[in-house]
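I have placed the structure first, in the form of structure tokens, so that the comments after it can refer back to it.
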Amino acid sequence: MLSRIAESLFWIGRYVERADGTARILDVHLERLNQMPLPQQWETSRQLLGVMGSRPEKQDLELSDLLQALAYDRTSATSIAGALGAARENARRARETVSSSVWESLNTAWYGLTQHRKDVVGTYRFCHWVVERTAMVRGLSDTTMSHDESWQFLVLGRSLERADMTARMLSTHDVHAAGLSWVNMLRCAGAYESFLRTRRAAFGDQQAAEFLLLDRLFPRSIVYALSDAEKCLTQLNPAYQRVGFINDASRIVGQARTFLEFHQTRDLMAELPEHMDRVQKACAKASDAVSRTYFSQADELSWVGEVS
Amino acid sequence: MSELFADYAAAARKTPAFDEMFNVGQSPRTEYGQVAAALDALNLADVTARADSMARTFLDRGVTFDFAGEERPFPLDIVPRVIAGDDWDVLERGVAQRVRALEAFLGDVYDKMAVVADGVIPRRLITSSAHFHREVAGFSPAGGVRVHISGIDVVRDQQGTFRVLEDNVRVPSGVSYVLENRRAMAKGLPEAFGQQHIRPVEEYPRRLLAALRKTAPPGVDDPTVVVLTPGVFNSAYFEHTLLAGLMGVELVEGRDLICRGNRVYMRTTAGEQRVDVIYKRIDDEFLDPLQFRADSVLGCPGIVNAARAGMVTIANAVGNGVADDKLVYTYVPDLIRYYLGEDPIIANVDTYRLEDAPAREEVLDRLDELVVKPVDGSGGKGLVIGPDATRAELDALRAKVLEDPRGWIAQPVLQLSTVPTMSGGQFSPRHVDLRPFAVNDGEDVWVLPGGLTRVAMKEGSLIVNSSQGGGSKDTWVVDGEVRRPADGSVPAERPSVSVRERTSVWPIETNWQDKQSEQQQQ
Numbered sequence: 013m014l015s016r017i018a019e020s021l022f023w024i025g026r027y028v029e030r031a032d033g034t035a036r037i038l039d040v041h042l043e044r045l046n047q048m049p050l051p052q053q054w055e056t057s058r059q060l061l062g063v064m065g066s067r068p069e070k071q072d073l074e075l076s077d078l079l080q081a082l083a084y085d086r087t088s089a090t091s092i093a094g095a096l097g098a099a100r101e102n103a104r105r106a107r108e109t110v111s112s113s114v115w116e117s118l119n120t121a122w123y124g125l126t127q128h129r130k131d132v133v134g135t136y137r138f139c140h141w142v143v144e145r146t147a148m149v150r151g152l153s154d155t156t157m158s159h160d161e162s163w164q165f166l167v168l169g170r171s172l173e174r175a176d177m178t179a180r181m182l183s184t185h186d187v188h189a190a191g192l193s194w195v196n197m198l199r200c201a202g203a204y205e206s207f208l209r210t211r212r213a214a215f216g217d218q219q220a221a222e223f224l225l226l227d228r229l230f231p232r233s234i235v236y237a238l239s240d241a242e243k244c245l246t247q248l249n250p251a252y253q254r255v256g257f258i259n260d261a262s263r264i265v266g267q268a269r270t271f272l273e274f275h276q277t278r279d280l281m282a283e284l285p286e287h288m289d290r291v292q293k294a295c296a297k298a299s300d301a302v303s304r305t306y307f308s309q310a311d312e313l314s315w316v317g318e319v320s
Numbered sequence: 013m014s015e016l017f018a019d020y021a022a023a024a025r026k027t028p029a030f031d032e033m034f035n036v037g038q039s040p041r042t043e044y045g046q047v048a049a050a051l052d053a054l055n056l057a058d059v060t061a062r063a064d065s066m067a068r069t070f071l072d073r074g075v076t077f078d079f080a081g082e083e084r085p086f087p088l089d090i091v092p093r094v095i096a097g098d099d100w101d102v103l104e105r106g107v108a109q110r111v112r113a114l115e116a117f118l119g120d121v122y123d124k125m126a127v128v129a130d131g132v133i134p135r136r137l138i139t140s141s142a143h144f145h146r147e148v149a150g151f152s153p154a155g156g157v158r159v160h161i162s163g164i165d166v167v168r169d170q171q172g173t174f175r176v177l178e179d180n181v182r183v184p185s186g187v188s189y190v191l192e193n194r195r196a197m198a199k200g201l202p203e204a205f206g207q208q209h210i211r212p213v214e215e216y217p218r219r220l221l222a223a224l225r226k227t228a229p230p231g232v233d234d235p236t237v238v239v240l241t242p243g244v245f246n247s248a249y250f251e252h253t254l255l256a257g258l259m260g261v262e263l264v265e266g267r268d269l270i271c272r273g274n275r276v277y278m279r280t281t282a283g284e285q286r287v288d289v290i291y292k293r294i295d296d297e298f299l300d301p302l303q304f305r306a307d308s309v310l311g312c313p314g315i316v317n318a319a320r321a322g323m324v325t326i327a328n329a330v331g332n333g334v335a336d337d338k339l340v341y342t343y344v345p346d347l348i349r350y351y352l353g354e355d356p357i358i359a360n361v362d363t364y365r366l367e368d369a370p371a372r373e374e375v376l377d378r379l380d381e382l383v384v385k386p387v388d389g390s391g392g393k394g395l396v397i398g399p400d401a402t403r404a405e406l407d408a409l410r411a412k413v414l415e416d417p418r419g420w421i422a423q424p425v426l427q428l429s430t431v432p433t434m435s436g437g438q439f440s441p442r443h444v445d446l447r448p449f450a451v452n453d454g455e456d457v458w459v460l461p462g463g464l465t466r467v468a469m470k471e472g473s474l475i476v477n478s479s480q481g482g483g484s485k486d487t488w489v490v491d492g493e494v495r496r497p498a499d500g501s502v503p504a505e506r507p508s509v510s511v512r513e514r515t516s517v518w519p520i521e522t523n524w525q526d527k528q529s530e531q532q533q534q
């Protein structure tokens, strides 16, 4: 398939997952932020934005600024609207490759962006709607596209972004002075029920973090997402099956996963920030490596025209 | 008739145009029977709800065209344009005839120019055409076809006779709307589909792909076909994605292609892949910076040389624009006689060549009664309709014509035929044209039944272009008489519903249960 199209698919996967993750994080934090005294709210909002990767200029961040930055700002790829817009733009470029239902669901989601009230109450509904729409896009792409190369690129982007988003969710734990309760942290990832059923009696911060970080069966855990990404990379380049690593991206993702999986620790909570930093860096590097290997047009000839 | 048609007769009487749906006595023509019955049962609320739902579907599906950087849905009217099968058969032959003649003409023009030597058409006229490209003279394209895809615009005059308005053999667009309109109409006006046979349009992508594959460079067993688009900002981008998607081929941009050793490749995730046939949706001028505009970044350097070497097929061939030239258009009936030895099946619209001094004199005297068009324009660009123009506009036009008489033609104002169209809460007559699409695979010219009917949404307006507020209608070619059981009885020769016989692919072990019980007994 065309490199350009592969790149678009990779980014559709990433952006859709980003919109989903951001909506989940915003939903849970909004509830808490709303109950804080103003100065603390400002500080927490700033840190939350920091975790999500944007650097606010304003000092006293109103709640509405936060909403704008994370939900409605169409010009920023950190916000939900920006991510969905970018996903739709990529789908438009790869329209003949994605199935028409995937394109349509992204297109209608994009048209639906404007139809929400931008206050706190409206944002709850908005987040919910985004989670639904992105689930629909995922479901349709899984059921209506052949699971060939193009789909693998989509899933690769999705998995990397998911690992990244879960890392951010865990990072927000530190954001709140008192710590975000583990219940909320799990709810961010939609993991609350799964966690309760798995862990039965033992719950607490440590276990919740462990679950989101290391569980091999919960799809939004970092280890699970990274091994998904690894599988896609193997499928995309099945040539080297025996010795050595396939390419940079596989190496980076594999190392990050195994480090987490086989790491032994007594105090996970103390190490959490470092882990999260490693995961996020690994995702970014893997994404770069994928671009270099598959999408690169660095040696692209550019035609300069006549010298007049 | 329905209340929605209350003022129709009065409105139709105001214009001398031929009405497609109603005859002079204001009763529906035979071919419109089913449509009239379906519309009759609807009230305003129904029609509005259906029209809204159709518009919404188009927006969701992204059936849009880009206008001034904005994606707009192409408005589809709920009343289809119906053409009787018998009328269509003539039109179809006429379009195919024209395509064959233009194909022969282009082959000749870029070769020996026998047509000039035999005095049918002046050499000056060809060489002065803006789209005559010497870069592609002297070789015949791989696969031997130049006009793979064409759109011949036809209109119906006041007598109801079809006439050709212009030929589009460069990059005719609009076929995607034909395909999408039919899908939308099947949901928007399902009642009208029942009992008559409407010729299907959905085989177009398959026909197109077959023709493109057939015209691949010789020696290629399994040709790779691509669609070359200028990118997402092109007004017809939707069409490019739809066609590439329906044909199951890659949609490439210029930057995805590279030429090396007169071969064209595309960059894929698995390295470079050879490309054999390019369905080109960009203008010739932007195709190859080595040959044409050096500042173009839409094309791919070297592609024309590859075509000249016979290593790649470009559809439509570069340089076809000379046959689009509106001054060449005036010679097409002669070309048909010259190349095919046949009489033209569809006539041209009477046209003045402004190069001829006497004709020019006459036209300049009657500017306010005529339509004046630039010879190389498309999409209604630069066209001046005399009766609607102001004095200043006419004066400006007069100066332009005198400055460059080769650049203009003049035609009488044609009262294009009308079809009922939803407007302001009722049906009113609106002018339409028709663009049938033809696919030429070198042996046979296939014409898509129907084509694109464009409609001017403003009352009395004769300009149907989408960029100037035009919409479209689904176009039906309807066969036979509408079968309507008068007394509710079942028609005799109704085909019986057959149940397919079940055949088993797997050998069935009829007695596996028996065997099992036997085993247990043992």
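Chains as they are written, first to last, in my numbering: chain A, 13 to 320; chain B, 13 to 534. Note that CB positions come from ideal geometry on N, CA and C, so glycine has one too.
* To do: Name the two residues that bound the continuous beta strand (DSSP E) containing residue 271 of chain B.
  => 269-272
* Against chain A: residues of the segment 387-417 of chain B by CB proximity under 7 Å -> none
* With burial defined as no fewer than 16 other Cβ atoms inside 10 Å of the residue's Cβ, what is the status of residue 212 of chain A: buried or exposed? -> exposed
* residue 283 of chain B by DSSP, collapsed to three states: which one? -> In the displayed model, residue 283 of chain B falls within a strand according to three-state DSSP.
* To do: Taking only the alpha-carbon atoms, compute the straight-line gap between residue 57 of chain B and residue 63 of chain B and give it to the nearest angstrom.
  => 10 Å
* **Enclosing alpha helix (DSSP H) for residue 491 of chain B [first to last residue]** => No alpha helix (DSSP H) holds residue 491 of chain B; the beta strand (DSSP E) holding it covers 487-491.
* Check whether residue 253 of chain B and residue 101 of chain A have beta carbons under 7 Å apart -> Between residue 253 of chain B and residue 101 of chain A, the gap from beta carbon to beta carbon reaches 7 Å or more.
* To do: Answer yes or no: do residue 458 of chain B and residue 275 of chain B have a C-beta to C-beta separation smaller than 7 Å?
  => no
* Could you check what DSSP says for residue 22 of chain A in three-state terms: helix, strand or coil? => In this structure, residue 22 of chain A counts as helix in the three-state DSSP scheme.
* To do: Would you kindly check if the distance between the Cβ of residue 242 of chain A and the Cβ of residue 265 of chain A is under 7 Å?
  => yes
* Using a Cβ-Cβ cut-off of less than 8 Å, list which residues of the segment 138-161 of chain A approach chain B; keep chain order. => 161
* Is there a Cβ from chain B that is less than 7 Å from the Cβ of residue 311 of chain A? -> Its pLDDT being 49, under 50, residue 311 of chain A is placed unreliably by the model, and the measurement read from it follows with that caveat. Taking Cβ atoms only, chain B never reaches closer than 7 Å to residue 311 of chain A, which makes this a no.
* **Short Cβ contact (7 Å threshold) for residue 128 of chain B with residue 135 of chain B** => yes
* Interface flag, residue 304 of chain A vs chain B, CB-CB below 7 Å -> no
* Asked: Could you give the distance in angstroms between the alpha-carbon of residue 41 of chain A and the alpha-carbon of residue 90 of chain A?
  -> 16 Å
* **Beta-carbon proximity check, residue 365 of chain B vs residue 371 of chain B, cutoff 7 Å** => yes
* So which residues on chain B does residue 23 of chain A lean against when the C-beta distance must stay under 8 Å? -> Under the 8 Å cutoff, chain B gives no residues; its nearest Cβ is about 14 Å from residue 23 of chain A.
* In whole angstroms, what separates the C-alpha of residue 494 of chain B from that of residue 482 of chain B? -> Because residue 494 of chain B carries a pLDDT of 47, less than 50, the predicted location of this residue cannot be relied on, and the following value inherits that uncertainty. Whole-angstrom Cα-Cα distance: 31 Å.
* Starting from the C-beta of residue 439 of chain B, find all residues in its chain whose C-beta is less than 6 Å away, skip the five residues before and the five after it, and write them out in chain order. => 16, 17, 20, 432
* In chain order, what residues of the same chain lie with their CB nearer than 8 Å to the CB of residue 226 of chain A, ignoring the 5 residues before and after it? -> Answer for residue 226 of chain A: 233, 234, 235, 272, 273, listed in chain order.
* To do: Could you run through the segment 71-91 of chain B and flag, in chain order, every residue whose CB is less than 7 Å away from some CB of chain A?
  => Result list: 71, 72, 73, 74.
* **Helix, strand or coil at residue 438 of chain B [DSSP, three-state]** => strand
* **Neighbourhood of residue 226 of chain B by C-beta distance below 6 Å, restricted to the same chain and skipping five residues each side** => 453
* Asked: Between residue 124 of chain B and residue 301 of chain B, what straight-line distance do the alpha-carbon atoms span, to the nearest angstrom?
  -> 27 Å
* Asked: Given residue 120 of chain B, which residues of its chain have a CB within under 7 Å of its CB, disregarding the five upstream and five downstream residues?
  -> 126, 127
* To do: Determine the chain A residues that contact residue 263 of chain B at a beta-carbon separation under 7 Å, and present them in chain order.
  => Those are 108, listed as they occur along chain A.
* Residues of chain B with a CB under 9 Å from the CB of residue 119 of chain A: which are they? -> Chain order gives the chain B residues near residue 119 of chain A as 71, 72, 73, 74, where near means a beta carbon separation below 9 Å.
* Compare the C-beta of residue 74 of chain A with all C-beta atoms of chain B and state if any pair is closer than 7 Å. => no
* For residue 357 of chain B, collect the residues of the same chain with a Cβ closer than 7 Å to its Cβ; drop the 5 residues on either side in sequence, then sort them by chain order. => 102, 105, 106, 109
* First and last residue of the uninterrupted beta strand (DSSP E) at residue 175 of chain B -> 174-180
* **Ranges of the alpha helix (DSSP H) found wholly within the segment 348-402 of chain B, counting only runs of at least 4** => 369-377
* Cβ neighbour criterion (16 or more within 10 Å) applied to residue 312 of chain A -> Low confidence applies to residue 312 of chain A: its pLDDT is 49, below 50, so where it sits in the model is not reliable enough to give any reading.
* To do: Could you spell out the range, first to last residue, of the alpha helix (DSSP H) harbouring residue 296 of chain B?
  => 296-299
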